[in-house]
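Here UniProt numbering is used: the first residue of the sequence shown is 1, the next is one more, and so on.
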Amino acid sequence: MEGPRRPPSATAPESDDDKPDDPPSVWHRPTSSLPALPSLDPPSHHWRNHSLNLSPLPTTSSPSLPPPDSIPELETYVVQVPRDQVYWTPPPEHAKYVEKRRKNPEKNKKKGCSKRLLWFFIILVIFGFILGAIILILHFAFNPTLPVFAVERLTVKPSNFEVTLRAENPTSNMGVRYMMKKNGVVSLTYKNKSLGGGTFPGLSQAASGSDKVNVKLNGSTKNAVVQPRGSKLPLVMMLKMELNAEYEAGPVKRNKEVVVTCDLKVKGLLDAKKVEIVSENCESEFKN
């Protein structure tokens, strides 16, 4: 005898579609018959990873926390701006300037020429100022000093005179060379009457140098009015030299005209064997 029938759902074999891993597709168990369980559902679909709420997700439910549905939904917007596109609009003043240049090309050329001339004039003035400053510095740095002459000996012969001089160059940073000035004179006079004349030999001196030089003068004492024999008063004579002095210090050169005047007081002029210089005084002067 056949026993009582069971419901078809109880006796039917389980198929691959009805495995416990997959949720049922048609048949659902009523939830009213199940006891109430604490909610362990994951957050709803609107809980996004890119939300501004960075608090960690709760791992376990807590009765003190409100359900996730009470948190307001936050939305995130992403705006993409291309970086390779730059939009730039020139100011209207530029357009006006370009328009003016198009309308008046000749005027613009004249303005350009006037600006060039102005800059050229400014550069010329600056260059002249620098050049003047350099010349002024060189003038004060390399300024020749008057030479110093002294008569050391006077020798009288029947037909000439020989004067030994000591020349000193007080300029400390420039050498000097003395030469006979063109149309210059070297003369020895007594009471405004010429006793002899000649030329000055060339002389070169270093800075702060001192040298001796011999000057020969052709002449005699026959035409001179001298004091009578036996007089103890000295004879007063004057030696005058007009020289050209060339000062030099590297590329810097200075030319000076020098006039040297020496007042001499001597004894024994008529006796060629003995001429004594009582006193001498030489003064120098630049003529330019």
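Backbone N, C-alpha and C define an ideal beta-carbon position, used for all residues, glycine too.
Pairing F142 with A249 gives a Cβ-Cβ distance under 7 Å. Take S208, set aside five residues on each side of it, and the residues of its chain with a beta-carbon closer than 6 Å to its own are S172, in chain order.
Annotation for V151: the continuous beta strand (DSSP E) segment containing it runs V148 to V156. Annotation: the stretch 185-218 contains the following complete segments of the beta strand (DSSP E) (minimum length 3 residues), in chain order: 186-190, 193-198 and 203-205.
For the options T155, V215 and K193, the alpha carbon positioned closest to that of M179 is the one of V215. As the crow flies, the alpha-carbon of K181 is around 17 Å from that of K253.
If you check the CB distance, K265 and V236 come in under 7 Å. At the C-beta level, V186 and G198 come within 7 Å of one another.
Using a Cβ distance threshold of 7 Å, G219 and L195 count as a contacting pair. Taking the Cα of V275 as reference, the smallest distance to any Cα among K191, R153 and N255 is reached at R153. Per DSSP, reduced to three states, the secondary structure at F140 is helical. One alpha carbon belongs to L124, the other to L117, and they sit about 10 Å apart.
Secondary structure of V125 (DSSP, three-state): helix. The shortest CA-to-CA distance from E246 to any of G128, E75 and A206 is the one to A206. Boundaries of the beta strand (DSSP E) harbouring M241: L235 to A249, taken from the DSSP string.
Residue pairing from DSSP places L165 in a beta bridge opposite V151 and V213. Here S114 is actually not in contact with E168; their C-beta atoms are around 60 Å apart, not less than 8 Å. Of the residues K191, P251 and E242, the one whose Cα lies closest to the Cα of V259 is E242. Residue T155 holds the alpha-carbon nearest to the alpha-carbon of G268 among T164, N255 and T155. Inter-residue distance for E99 and F127 is about 39 Å (C-alpha atoms, whole angstroms).
Burial is judged here by how many other beta carbons sit within 10 angstroms of a residue's own beta carbon; L131 has fewer than 16 and is exposed. Excluding its 5 nearest sequence neighbours in each direction, P91 has no C-beta neighbour in its own chain below 7 Å. Ranking N281, N183 and K256 by CA distance to the CA of L239 puts N281 first.
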